[in-house]
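> There's a structure below that I have some questions on.
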Amino acid sequence: MTIQKQLIEFQKEVEKLEDEAIGIDDAVKHYAKAVKLAHSLQASLSQVQESVLSIQQGAERHAAQ
Amino acid sequence: MDRTLKVHELNEYLKASFEYDEILQNFWLVGQISNVKHYHLGGQVYFTLSDELSSISCVMFQSYYEKLKEFPAQGTEVIAKGSVRFFNKKGTLHFQCVTLLKKGEGSINAAFEALKQKLHQEGLFEVSRKKNLPKYPEAVALVTAYDSAAMWDVVKMLREGASHLPVYIVPAVMQGANSAQSIIEALATIQHKARSLRIEAVILARGGGSGEDLASFNDEALVRFIAQYSLPLVSAIGHEVDITLCDFVADLRVPTPTAAGQLFASSFIELKSNLSLAQSAMHELMNQRLLETRELIENVLKTAHELVNTSLQKHLTFFEFLFHRCKMADPLYKLRQGFSITRLSKTQEIVTKTGQINKGDILVTQVSEGQFLSEVL
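Going line by line, the protein sequences match chains A and B.
First residue of the first sequence? That's 658 in the working numbering, and the numbers climb one at a time after it.
First residue of the second sequence? That's 175 in the working numbering, and the numbers climb one at a time after it.
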């Protein structure tokens with residue numbers, strides 16, 4: 658799943674949590690799901706950050722040659 | 175129209191008129207020598223040539239005079255080669271002599287001229303007959319006396335400038351009665367071997383000598399053999415002033431054997447120089463391309479990095495914003511603030527109104543850390 662899609666899903670879960678009509682039990686379930694999504698997103702974003710860093714280092718190495 | 179000239183203008187005109195008149199250039203003049211005067215300071219010799227009707231002042235400069243074995247005595251009948259010159263400073267006219275032969279020698283020269291004329295009329299010296307010399311021959315042959323100065327002059331020049339070029343030396347007798355036949359045989363041998371040895375040009379070389387020494391190179395049979403020769407031939411006989419019939423019939427005449435070596439060596443020297451220049455230019459071009467490509471790659475990487483990084487930062491910001499909202503919506507967050515959740519123990523129904531509970535009901539109250547039971551009194 659792309660980061661974009663994961664973010665949309667995460668956003669939906671957060672919005673459900675923020676719904677005043679939600680019961681505490683449902684809130685707990687949605688919160689758990691939201692936290693799981695957040696962890697997954699964090700991992701994906703870290704991977705992208707590493708790739709970006711790698712590109713930057715490649716460019717720097719090329720410039721130094 | 176009347177015209178007024180200054181003296182120097184007239185003399186300059188006369189000088190030019192004589193020098194541009196082809197009839198007065200490089201011809202033979204027969205006469206008797208008299209009034210010989212040597213000028214030791216300048217080295218020139220002034221004399222008069224006369225016949226029974228007329229006489230003319232003559233001059234021979236040191237560089238030509240030195241080539242004579244001896245200057246003919248007064249009264250000698252001579253044949254002189256030279257050109258008419260007008261000396262504009264003093265307004266005098268002289269026959270400027272470059273070669274001087276006694277009358278007996280003159281008959282040899284007359285024979286030379288007659289043969290030259292005959293062969294010329296037959297078209298043997300025509301420029302259209304001359305073969306082009308290869309600029310970069312695969313191999314050359316040299317006809318000369320073995321171990322002679324001429325041979326080493328040619329070899330030295332070729333070794334210096336074109337050391338890779340194979341040079342096949344075919345010895346021949348270069349003066350005397352059998353010389354012309356020996357040269358013909360040497361040339362024939364080269365022609366026979368030319369294809370297998372890849373010989374593409376021939377040098378006929380001999381050092382300087384007297385007219386008698388060089389007589390073989392005026393041999394009619396040799397000249398005719400060269401005229402029908404299949405390979406391009408360079409004549410390098412004697413010194414610059416020595417002209418033989420072989421020079422006329424050859425595809426190219428060079429003044430000395432050294433010049434013949436230089437002729438082929440210089441082509442290869444020029445080629446090497448051009449190759450070196452081309453190599454430098456290519457190297458420079460490749461470096462330039464490399465730099466351009468490197469710059470392009472750097473720009474692409476930079477742009478890619480910027481694009482990805484910008485997109486990532488947007489996602490990170492949005493994620494952090496959502497994550498903050500998520501934390502704020504954490505059901506346990508309120509409990510940590512001191513709120514609690516109370517349920518009916520029996521049904522686990524959350525108590526939000528007092529009407530839901532009755533006396534004796536057991537309630538379960540959940541706080542931030544743990545839960546406790548209570549009874550409705």
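Don't be surprised by glycine CBs; every beta carbon is placed ideally from N, CA and C.
All of these numbers come straight from a predicted model, not from anything done at the bench.
What would DSSP say about residue 254 of chain B, mapped onto helix, strand or coil?
Numbered from 1 along the second sequence, position 80 holds the residue referred to as residue 254 of chain B. Here residue 254 of chain B sits in strand by DSSP.
> Consider the Cβ of residue 373 of chain B: report whether some Cβ of chain A lies at a distance smaller than 8 Å.
Translated into positions along the second sequence, residue 373 of chain B becomes position 199. Closer than 8 Å: no.
> Go through the segment 365-407 of chain B residue by residue and report every complete run of the beta strand (DSSP E) that reaches 3 residues or more, in order.
For the segment 365-407 of chain B, whole beta strand (DSSP E) runs of length 3 or above, ordered along the chain, are 373-380.
> Just to confirm the assignment: which complete beta strand (DSSP E) runs, minimum length 3, are found wholly within the segment 483-518 of chain B?
Entirely contained in the segment 483-518 of chain B, the beta strand (DSSP E) runs reaching 3 residues are, in chain order, 515-518.
> Is residue 358 of chain B closer than 8 Å to residue 434 of chain B when the C-beta atoms are compared?
On the second sequence, position 260 is the one that residue 434 of chain B refers to. On the second sequence, position 184 is the one that residue 358 of chain B refers to. Against a cut-off of 8 Å, the Cβ pair of residue 358 of chain B and residue 434 of chain B comes out as no contact.
> Does any residue of chain B bring its CB to less than 8 Å from the CB of residue 719 of chain A?
Here residue 719 of chain A corresponds to residue number 62 of the first sequence, with the count starting at 1. Yes, residue 719 of chain A lies at the interface with chain B (some Cβ there is under 8 Å from its Cβ).
> Could you list which residues in chain B have their beta carbon closer than 7 Å to that of residue 675 of chain A, in chain order?
Sequence index remark: in the first sequence, residue 675 of chain A carries index 18 (1-based). Those are 499 and 503, listed as they occur along chain B.
> Return the first residue and the last residue of the beta strand (DSSP E) that residue 199 of chain B is part of.
By 1-based counting over the second sequence, the position of residue 199 of chain B is 25. Here residue 199 of chain B belongs to no beta strand (DSSP E), and DSSP marks it neither H nor E.
> Any residues in the segment 466-479 of chain B with a beta carbon nearer than 8 Å to a beta carbon of chain C? Which ones, in chain order?
The structure shown contains no chain C; its protein chains are A and B.
> Please confirm whether residue 515 of chain B has its beta-carbon closer than 8 Å to some beta-carbon of chain A.
Here residue 515 of chain B refers to the residue found at position 341 when the second sequence is read from its first residue. Interface residue, yes.
> Which full runs of the alpha helix (DSSP H) of 4+ residues lie inside the segment 316-354 of chain B, going along the chain?
Listed in chain order, they are 323-335.
> For the 8 Å Cβ check, are there 3 or more pairs between the segment 294-304 of chain B and the segment 388-404 of chain B?
Segments in contact, yes.
> CB-CB under 6 Å to residue 542 of chain B, same chain, minus the five flanking residues each way: which ones, in chain order?
What you label residue 542 of chain B is simply residue 368 of the second sequence in a count that begins at 1. Excluding sequence neighbours, residue 542 of chain B sits near 509 and 510.
> Is residue 673 of chain A helix, strand or coil when you go by DSSP?
Counting from 1 along the first sequence, the entry for residue 673 of chain A is found at position 16. Helix.
> Comparing C-alpha positions only, which one of B/189, B/219 and B/274 sits nearest to residue 263 of chain B?
On the second sequence, position 89 is the one that residue 263 of chain B refers to. The candidate whose alpha carbon is nearest that of residue 263 of chain B is B/189.
> Residue 345 of chain B and residue 320 of chain B look like a contact to me (Cβ under 8 Å); what is the Cβ gap, rounded to whole Å?
Your numbering for residue 345 of chain B matches position 171 in the second sequence. Your numbering for residue 320 of chain B matches position 146 in the second sequence. About 4 Å separates the two Cβ atoms, so the contact holds.
> Is residue 713 of chain A close to chain B, meaning its C-beta is less than 8 Å from at least one C-beta of that chain?
Residue mapping note: residue 713 of chain A aligns to position 56 of the first sequence, counting from 1. With 8 Å as the cut-off, residue 713 of chain A counts as an interface residue toward chain B.
> Would you grab the beta carbon distance between residue 472 of chain B and residue 720 of chain A for me? Rounded to a whole angstrom, and I think it's under 8 Å.
Here residue 472 of chain B is taken as the residue at index 298 of the second sequence, counted from 1. Here residue 720 of chain A is taken as the residue at index 63 of the first sequence, counted from 1. The pair is a contact, with the Cβ atoms about 6 Å apart (cut-off 8 Å).
> Nearest chain A C-beta to residue 377 of chain B closer than 8 Å, yes or no?
Residue 377 of chain B sits at position 203 when you count from the first residue of the second sequence. Residue 377 of chain B does not count as touching chain A.
> Would you grab the beta carbon distance between residue 438 of chain B and residue 314 of chain B for me? Rounded to a whole angstrom, and I think it's under 8 Å.
In the second sequence, counting from the first residue as 1, residue 438 of chain B sits at position 264. In the second sequence, counting from the first residue as 1, residue 314 of chain B sits at position 140. Between residue 314 of chain B and residue 438 of chain B the Cβ distance is about 6 Å, and since that is below 8 Å, they are a contact.
> Thinking just about the alpha-carbon of each residue, which of B/406, B/497, B/402 and B/391 is nearest to the one in residue 412 of chain B?
Along the second sequence, read from residue 1 onward, the residue named residue 412 of chain B stands at position 238. Ranking the options by Cα distance to residue 412 of chain B, first place goes to B/391.
> Would residue 665 of chain A count as contacting chain B if we go by Cβ distances under 8 Å?
Position 8 of the first sequence, counted from the first residue, corresponds to residue 665 of chain A. Taking Cβ atoms only, chain B never reaches closer than 8 Å to residue 665 of chain A, which makes this a no.
> DSSP on residue 681 of chain A, reduced to helix/strand/coil?
As a working mapping, residue 681 of chain A is identified with position 24 in the first sequence. In the structure shown, residue 681 of chain A sits in a helix (DSSP, three-state: H, G or I).
> Considering only the alpha carbon of each residue, which of B/505, B/549, B/343 and B/526 lies closest to residue 683 of chain A?
Here residue 683 of chain A refers to the residue found at position 26 of the first sequence. Answer by Cα proximity: B/505.
> Of all the options B/225, B/512, B/179 and B/260, which has the alpha carbon lying nearest to the alpha carbon of residue 194 of chain B?
Here the question's residue 194 of chain B lines up with position 20 in the second sequence. With distances taken between Cα atoms, residue 194 of chain B lies closest to B/260.
> Given this structure, state the Cα-to-Cα distance separating residue 371 of chain B from residue 270 of chain B, to the nearest angstrom.
One-based indexing of the second sequence puts residue 371 of chain B at position 197. One-based indexing of the second sequence puts residue 270 of chain B at position 96. Distance between the alpha carbons of residue 371 of chain B and residue 270 of chain B is about 49 Å.
> Taking the C-alpha atoms as reference points, what is the distance between residue 250 of chain B and residue 209 of chain B?
Here the question's residue 250 of chain B lines up with position 76 in the second sequence. Here the question's residue 209 of chain B lines up with position 35 in the second sequence. Straight-line Cα distance between these residues: approximately 12 Å.
> Quick check on residue 691 of chain A - is its C-beta less than 8 Å from some C-beta in chain B?
Numbered from its first residue, the first sequence carries residue 691 of chain A at position 34. So yes, residue 691 of chain A belongs to the interface.
> In the segment 407-474 of chain B, which residue ranges form an unbroken beta strand (DSSP E) of at least 3 residues, counting only runs that do not cross its ends?
Listed in chain order, the complete beta strand (DSSP E) runs (minimum 3 residues) inside the segment 407-474 of chain B are 407-411.
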